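Protein chains in written order, with my numbering: chain R, 3 to 244; chain C, 3 to 244; chain L, 7 to 370; chain G, 7 to 370; chain F, 34 to 108; chain X, 34 to 108; chain D, 561 to 758; chain A, 561 to 758.
A short write-up of the structure that comes next.
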Amino acid sequence: MNKIFSYPKSLSKNETHYCAGCGHGIAHRLVAEVIDELGIQGRAIAVCPVGCAVVAYDYWDIDCSEAAHGRATAVATGIKRMRPGNIVFTYQGDGDLASIGLAETIFTANRGENITVVFINNAVYGMTGGQMAPTTVMHQKTSTTPAGRGANFEGHPLKVSEMLAMLPATKYIARTALFSPAEVLKTKSALITAFKNQIEGIGFSLVEILSMCPTYWQLTPEKSAKWIREEMVKAFPLGRIK
Amino acid sequence: MNKIFSYPKSLSKNETHYCAGCGHGIAHRLVAEVIDELGIQGRAIAVCPVGCAVVAYDYWDIDCSEAAHGRATAVATGIKRMRPGNIVFTYQGDGDLASIGLAETIFTANRGENITVVFINNAVYGMTGGQMAPTTVMHQKTSTTPAGRGANFEGHPLKVSEMLAMLPATKYIARTALFSPAEVLKTKSALITAFKNQIEGIGFSLVEILSMCPTYWQLTPEKSAKWIREEMVKAFPLGRIK
Amino acid sequence: MIKKKIDTNKKVLMSGNIAIAQAAIEAGCRFYAGYPITPQNEIPNYMSGKMPQAGGVFIQAESEIAAINMLFGASAAGARAMTTSSSPGISLKQEGISYLAGARLGCVVVNVMRGGPGLGNIAPAQSDYFQATKGGGHGDYHTIVLAPSSVQEAYDLTKLAFDLADKYRTPVIILADGMIGQMMEPVQATGYRLQATGYKKAWALTGAKGRRPNIVRSFFLKEGILEEHNKLLQKEYQKIKQEVNNYENYLTEDANILIVSYGSMARIAKDSVNYMRKQGARVGLFRPISLWPFPEKALEELSIKSNAILVVEMSAGQMVEDVQRIVKSSAPVYFYGRMGGGIPSQEEISEEIKKILNAYSQKK
Amino acid sequence: MIKKKIDTNKKVLMSGNIAIAQAAIEAGCRFYAGYPITPQNEIPNYMSGKMPQAGGVFIQAESEIAAINMLFGASAAGARAMTTSSSPGISLKQEGISYLAGARLGCVVVNVMRGGPGLGNIAPAQSDYFQATKGGGHGDYHTIVLAPSSVQEAYDLTKLAFDLADKYRTPVIILADGMIGQMMEPVQATGYRLQATGYKKAWALTGAKGRRPNIVRSFFLKEGILEEHNKLLQKEYQKIKQEVNNYENYLTEDANILIVSYGSMARIAKDSVNYMRKQGARVGLFRPISLWPFPEKALEELSIKSNAILVVEMSAGQMVEDVQRIVKSSAPVYFYGRMGGGIPSQEEISEEIKKILNAYSQKK
Amino acid sequence: MSQKKSSPKIRIDKDRCKACGLCIMYCPKGLLQLSQDLNKRGVHSAEFKKIKGVECVACSFCAIICPDVCIEVSK
Amino acid sequence: MSQKKSSPKIRIDKDRCKACGLCIMYCPKGLLQLSQDLNKRGVHSAEFKKIKGVECVACSFCAIICPDVCIEVSK
Amino acid sequence: MDKRGDGQGISFGKDKMTEQIIIAGSGGQGIMAMARILANAAMLEDKFVTWLPCYGAEVRGGSAYCMVKISDREIASPYINLADTVVALNKPSLDRFIKRVKPRGTLFVNTSLVDKKPKKSDCKIIGEDFSDIASDIGNVQCTNMVALGALVKSSSIVGRDSLEKSLREAFKDENVFLLNEKAIKYAMKLVKVRKRKS
Amino acid sequence: MDKRGDGQGISFGKDKMTEQIIIAGSGGQGIMAMARILANAAMLEDKFVTWLPCYGAEVRGGSAYCMVKISDREIASPYINLADTVVALNKPSLDRFIKRVKPRGTLFVNTSLVDKKPKKSDCKIIGEDFSDIASDIGNVQCTNMVALGALVKSSSIVGRDSLEKSLREAFKDENVFLLNEKAIKYAMKLVKVRKRKS
Ligand SMILES: Cc1ncc(C[n+]2csc(CCOP(=O)(O)OP(=O)(O)O)c2C)c(N)n1
Ligand SMILES: Cc1ncc(C[n+]2csc(CCOP(=O)(O)OP(=O)(O)O)c2C)c(N)n1
Ligand code: SF4
Ligand code: SF4
Ligand code: SF4
Ligand code: SF4
Ligand code: SF4
Ligand code: SF4
Ligand SMILES: [Mg+2]
Ligand SMILES: [Mg+2]
């Protein structure tokens, strides 16, 4: 018997601290698989976020940098410019990338930095206890939208990927999801494109991944998967955006 | 003989510190005219930027607040929420609104704050000596793009108004210019709409005004006017965006 | 405006974070903007529900910077306003705090300190003393800094903070640590304070109808004007120094060894005083409550009759510099600290005191 | 990499800002990110042209925050990196600086100070001493702080700063003021320093090929680890305290009145020393060059033989607190300051000295 | 019948498992369930459920969706 | 001819003027020019140029474009 | 009870009773709620109380613990170095806190998640399969209430009435309240039974 | 020249020559360039120099000024309280700096932009229509060079050779150089002529 699915080489053996059913675990594994398949473990450099994935460096067996909350793309810019031969990517949550770090995200994209961004959209702030994220959908209840988003002038979910797609310097922007094996596989191919682009010098690429946060959606993992498929995709349609 | 064009009531008699031919002077006057015509001098509150227009409060005879560089819309949010009966507007340069303050700009718009934003796009940082702004056009030479924008990975001019137009909560977004009397008048009617929207509770409105900075374009005022008409509008097409 | 009647007779078990939030609303705070960060998330979470009920505004800002600048606006409009965060988030607010101080705008800023530097961790710490008391922002400004050492005090000082902010037109910092923010204790609420609106704010932005325009600013370009403005600020600071001097003396009357400690650290130090007293040592505790202004006179007086002073902090030694400066050569100043979220036990502190005592007895 | 040969024999008239920029490039700085702000705009303007020529990177960042975090990345990748700003912009960098310190990343941060607080003005000031030396950011960290008092020294200290940043793996702050940044003086350049690359950076991020992964971080969640990390930092700070102690003594040998002053303010103080000497008064000047670590021992020694100490700052009194702390009761410490961009004249300082002298002669 | 390959198989690392149930949800053959026992973590981990006549098809769906990389698949 | 209105007029506040020339550029009648004298600011301010047979039409273009609000127009 | 005069939580001079309890487990085990219900019950009896939580990785995973002090007089420090009672709901918590039980103190262990019952000669050890019991009652999430029942039963730190009152304040939803109450009651019975047995 | 022993710029003990010059005007008048060319010329003569600018509203409008010290020995402070020479190119600058000319110092006034020649009995006043002269030469922007010519001519702070050399270093473009040189030369002639007249 041959192993047809096994533990990726670039993924450390540490068990994650994530909640049961959390999408971060899947996304971490996918990143590791892509690194393995592209053979870049020795030259990949990750910039980890502040968010539930803050210690992603404990889970990947590659060089990693921390970044202050929201500033991962600025940090990645510094690294990539000084190490153009390395493959530099950020891994960021929606609070990190789209709220406090929005300016850094847009300007890094606008400069066309040749980096890859893995953007985990789970519609809440996981790490700090389930507050509203810029990507929280309308009427979604969170720790800071007890009456549902929209009841207290919170505005609408921010479609950062669509905004980034407007910028001439961005080369690849796609939105995928983790709610089923099929979507997980699509996510993986999007990631492959996004990393390949960097290797080939094509430029700024981003994959937005709709990801389960059962804990702060207050849903079981199964219902969380369904909620992405049935609700979240309405606000965030899947597919290649650019 | 009747005066058909005279000094606006809301404009103080102070002479401005602006360079000869600077668009800020025209924009200031237009704002004052609009305040006069809408009869809101007694309830208007301006939030002034950090930029060449930093002391706009010396030029308008209305209540004014300073704001830290880039944070005018955040300050305006605080004022408007506490004084919903007042007419609150920000007046900001492109460095202020679109670079350091980009996140505040987008989030204020996304919340749909019922304020008016007057956005002076002069394609450079005037106050600090003509450095590149996010709105600097391709190949434009500035103090920090000595070889022209684009030669050193500076990315492309940022179309903030178009980005803001994507947000469901923005109600009126228009781009006008100051290069001729006709355009000045169009700017004025855009400003009237933008202020009226607030008075009527319609919501977030913004007028982006292409404005001359002869000093740091290193052009005469006349050539500056021409440069907007012939060059700048290519990157920033005029008209109502939303 | 809906106001649930607060039962001022019943104690309620609550955390320091909730106590701060509730006190703010009762003190007439009508504008809250904040950005989540551990260990103070209970505050925005609570405020998101309660502020709208109290007729106030809750905004989850896009960042700490946006939050502090929203406060600038709300305060300029004359409102009582608060933001809360923890160490890294407070660092981001430094420019804004300097602006508020410069423009003479009152507001309340709560720092529920955690371990640093950088991302550090989320354990309680006291390593932002310098930032809070010396001014982490640029320029010659000060903010009043109040350090609660119990949940009840967190509640009380928050109310006081709003009054001081209005009275002196300055940001007031509540310097709590993760322990104060997170721990629960019974709290006796004192109810709504309607004198909250008792401060006339003729300078506030309300629209210039019927008067000359008001301008809120910290920018004074013309030569000499900024210096005049600074003199005004300094005069106000002198006034505050005279009028705000909060501290607690615990068994200091006959003490010859003085512990100086603040916030939750002082709670543990108190245990040590109790323990050492049982051993027969004359140990007392001086607990500054206002960290700026530091109760200098009170400490100076105590220091003269002390054989030794032990400063205990959950930091590498920050307040100790102020103590040294004030005590001068009156008594030797020792320091014991734990860093990065480490919490010293009573035993550790007592051990330090014993060392000092031994040194003295050997000298004799 | 194109390197124009620098004529190390010829003096060139240049401003402090340009001196800093040129020195950085010569010291091997290959990453510059900054955001314009007066009075230091000449630095980004210069860098935008010269860095690409020197094979380095110039980025006009979208904000000061982006800039300092880009430095985090560049430094994590092993490069020599610099950012420059002025007071409000430096306040915005406080979180980032704390992160760099926490992650043990070296870099050079230049603050060309202006009048504060808030937007203040653009005149020279020294009111960010507290922020720079005490740590305006959160947590128990320190950065080395160097204060030039001439354009030549701005040039020299910038070069030194890069070496110290690499040696001790810490941010180094050049604390200049608007006067130093803007003024021009003849500078003797010393040319490229190729030992710039002499620091082995085994911890740097280069890709984990052939070794265990490197991780650059300041976050240590597991109980006790952050404290260990802090101890490491403190040990390094002790080492720096031992090894970095820069100051200038000017006519202090026989002085009984000691002026303590730094940066451009010390230049004016020197004039006052000269003038008072002519009047027959034994006045000397102690000028700390490293503000952190403060040359404590040197000052302590001088203070013992001084009758009085006059601290002169372009601030409301910041360094004076360190002087008081160090001098203790050895000599009375007086203070004279100008705020908000005000520049004292030699005469004003001399007047203060005369007052002190009078007080003393009356006592006799 | 001689061409019938050997049964495809999965292997679950039970102590890693957090009992999220996603593998169970997506197994097209319904071959997974939560076990009765508590694992080291104190949860009822996933386990392979033998059903007569139903074969694991080595589709890897379970492994692909597993957030904790508990499942290995062989063919 | 009796219906001919009185001449429209503009008034320029010369000491406010920064001599940017924008009013000159946009006067449809070419009725504006820079003066020979220096004003308080040390620049050659704009002035009305009398041209025989050419009348100011009170279009206000000059006033509308003037960044320094130096021009008043009456009709 | 602090009768050893080590000064923890004891005011200078008088020797009042102070109970110091550490409750530890993993993120999702309801440590904080359990401790809070206990502290609140004590407050309802007009005792002085402090409740000091400590989370691991912000909210999830890792080990979390909570320190509760209950006393007849004002409590100085809420921090506990050595505890009268330690409740360890999983293995890592046990390993970490076993050394912080005072001599003659009590250690409650959730034997469901511990390979073998720990050894410590100088304190009383009460080991129960809290998680299994909770599972049996119908929800493994009630592990905390089972432990709480066992704790209150065997220590009588707080009265049953105040415990019930506190429980009501904690769970407004009647069904949730009932489930939790059931767990507590069940545990109370159990401890008695087992005690007799042992 | 500092011969009054007030200590400014004078080292303790020795009494060397130090010239202290304040040049003031409005933002666009080329104050800084003028001062820089002067300072650079002095440096080329191996003098010690400092050049300290002060801008008004960041770059434009308002009044700007520059302080230049030129000395035979190291200069302590670059800041000037009372100047040997003040050059005031507009009215606000004159009003501001007239009180800062030392007794026996020299005040240069751009009479083009000043209503009436100022009065100050204890110093020499040289008033010329610098702006008009510049206008006549062909560019009002050369006002600064006209003033520089007048200054150097009447004070001989720096030699003409070094001034020319410094001018060359400042203006790489030949035409710009020539225009500025012309302005300087013209002013030099003028001052002589006028001097004779007065
Ligand atoms: C400056 C700063 N502000 C706030 C925080 C607190 N904080 C940590 S993670 C986080 C947001 C996490 O949300 P997200 O980025 O969506 O990641 P997730 O946890 O959902 O994966 C916040 C606000 C911080 N560490 N630093
Ligand atoms: C935090 C901070 N950063 C930088 C500055 C310096 N600064 C002042 S204005 C300005 C930009 C001005 O450009 P813009 O907003 O386009 O206005 P303009 O002058 O062009 O009208 C900058 C960077 C500052 N005052 N504060
Ligand atoms: S809180 Fe949400 S995002 Fe964070 S680990 Fe748990 S499920 Fe994942
Ligand atoms: S620099 Fe440009 S924007 Fe600023 S006042 Fe001058 S012309 Fe106007
Ligand atoms: S490999 Fe496919 S069929 Fe086999 S257990 Fe997994 S999901 Fe079920
Ligand atoms: S998907 Fe993984 S973690 Fe979830 S139940 Fe299945 S094996 Fe366990
Ligand atoms: S009003 Fe019209 S016609 Fe008259 S001067 Fe002005 S621009 Fe010319
Ligand atoms: S437009 Fe105004 S400022 Fe410009 S030249 Fe005409 S009058 Fe003067
Ligand atoms: Mg998220
Ligand atoms: Mg601009």
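Think of the CB as a built atom: it goes at the ideal place given N, C-alpha and C, for glycine as much as any other residue.
The model shown is predicted, which means the values in this text are computed figures rather than measured ones.
Requested in this report: Grab the span of the beta strand (DSSP E) containing residue 137 of chain L for me, first residue to last.
Outcome: Note, residue 137 of chain L: premise wrong, no beta strand (DSSP E); not H, not E.
Query raised in the report: Terminal residues of the continuous alpha helix (DSSP H) containing residue 38 of chain C?
Result: 25-40
Query raised in the report: Is there at least one non-hydrogen atom of ligand 4 closer than 8 Å to the beta-carbon of residue 129 of chain C?
Result: Taking 8 Å as the cut-off, the C-beta of residue 129 of chain C counts as close to a heavy atom of ligand 4.
Query - residue 345 of chain G vs residue 233 of chain L beta-carbon contact at 9 Å - result: yes
Requested in this report: Over the uninterrupted beta strand (DSSP E) stretch that includes residue 119 of chain G, give me the two end residues.
Outcome: 113-119
Requested in this report: Tell me whether residue 358 of chain L is buried or exposed, calling it buried when 16 or more other Cβ atoms sit within 10 Å of its Cβ.
Outcome: The residue is buried, with at least 16 neighbouring Cβ atoms inside 10 Å.
Report task. Count the other C-beta atoms from every protein chain shown that fall within 10 angstroms of the C-beta of residue 102 of chain C, then say buried if there are 16 or more, exposed otherwise. Result -> buried
**Report entry** Contact with chain G by residue 84 of chain R, beta-carbon distance below 9 Å
**Finding:** yes
Query raised in the report: Okay, do the region 169-181 of chain R and the region 70-84 of chain L touch, 3+ Cβ pairs below 8 Å being the bar?
Result: no
Query - chain L within 9 Å of residue 49 of chain R, Cβ atoms only - result: no
Report task. Name the one or two DSSP bridge partners that residue 64 of chain G has. Result -> G:38
**Report entry** Environment of residue 365 of chain L [buried if 16+ CB atoms lie within 10 Å]
**Finding:** exposed
Query raised in the report: Among D:693, D:732, D:609, D:685, which has the Cα closest to the Cα of residue 577 of chain D?
Result: D:609
Query raised in the report: Between residue 96 of chain C and residue 136 of chain C, which are expected to be in contact by the criterion C-beta below 8 Å, what is the C-beta distance as a whole number of angstroms?
Result: 6 Å
Query raised in the report: residue 190 of chain C: which of C:215, C:155, C:30 sits nearest, CA to CA?
Result: Just measuring C-alpha positions, the residue of C:215, C:155, C:30 sitting nearest residue 190 of chain C is C:30.
Requested in this report: Quick one: measure Cβ to Cβ for residue 45 of chain G and residue 92 of chain G, integer angstroms, because I've assumed they're closer than 8 Å.
Outcome: 6 Å
Report task. Taking residue 136 of chain G as the query, report the chain L residues whose CB atoms sit under 7 Å from its CB, ordered along the chain. Result -> 140, 141
Requested in this report: Tell me, please, whether the region 669-679 of chain A touches the region 305-322 of chain G by the rule of three or more beta-carbon pairs shorter than 8 Å.
Outcome: no
Query raised in the report: For the region 97-108 of chain F, which residues have a beta carbon sitting closer than 9 Å to at least one beta carbon of chain R?
Result: 97, 98, 99, 100, 101, 102, 104, 105, 106, 107, 108
Report task. For residue 98 of chain X, count neighbouring Cβ atoms within 10 angstroms of its own Cβ and tell me buried if that reaches 16, exposed if not. Result -> buried
Report task. Return the residue from the list G:249, G:283, G:245, G:246 that minimises the CA-CA distance to residue 259 of chain G. Result -> G:283
Query raised in the report: For residue 663 of chain A, which residues of its own chain have a beta-carbon under 6 Å away from its beta-carbon, when the five flanking residues on both sides are left out?
Result: Scanning its chain for C-beta atoms nearer than 6 Å, with the 5 sequence neighbours on each side dropped, one finds around residue 663 of chain A the residues 682, in chain order.
Query raised in the report: For ligand 1, is there a heavy atom less than 8 Å away from the beta-carbon of residue 121 of chain L?
Result: no
**Report entry** Outcome for residue 706 of chain D when other beta-carbon atoms lying within 10 angstroms are tallied against a minimum of 16
**Finding:** Around the beta carbon of residue 706 of chain D, 16 or more other beta carbons lie within 10 angstroms, which makes this residue buried.
Report task. List the residues that DSSP assigns as beta-bridge partners of residue 367 of chain G. Result -> Residue 367 of chain G is not bridged to any residue.
Report task. Go to residue 123 of chain R, then tell me how far its beta strand (DSSP E) extends in each direction, as first and last residue. Result -> 118-123
Report task. Flag residue 112 of chain C as yes if its beta-carbon sits less than 9 Å from any beta-carbon of chain R, otherwise no. Result -> By the rule that beta-carbons nearer than 9 Å mark a contact, residue 112 of chain C touches chain R.
Query - Listed by chain order, chain R residues near residue 261 of chain G by CB distance under 9 Å - result: Neighbours of residue 261 of chain G on chain R: none; closest Cβ ~47 Å, over 9 Å.
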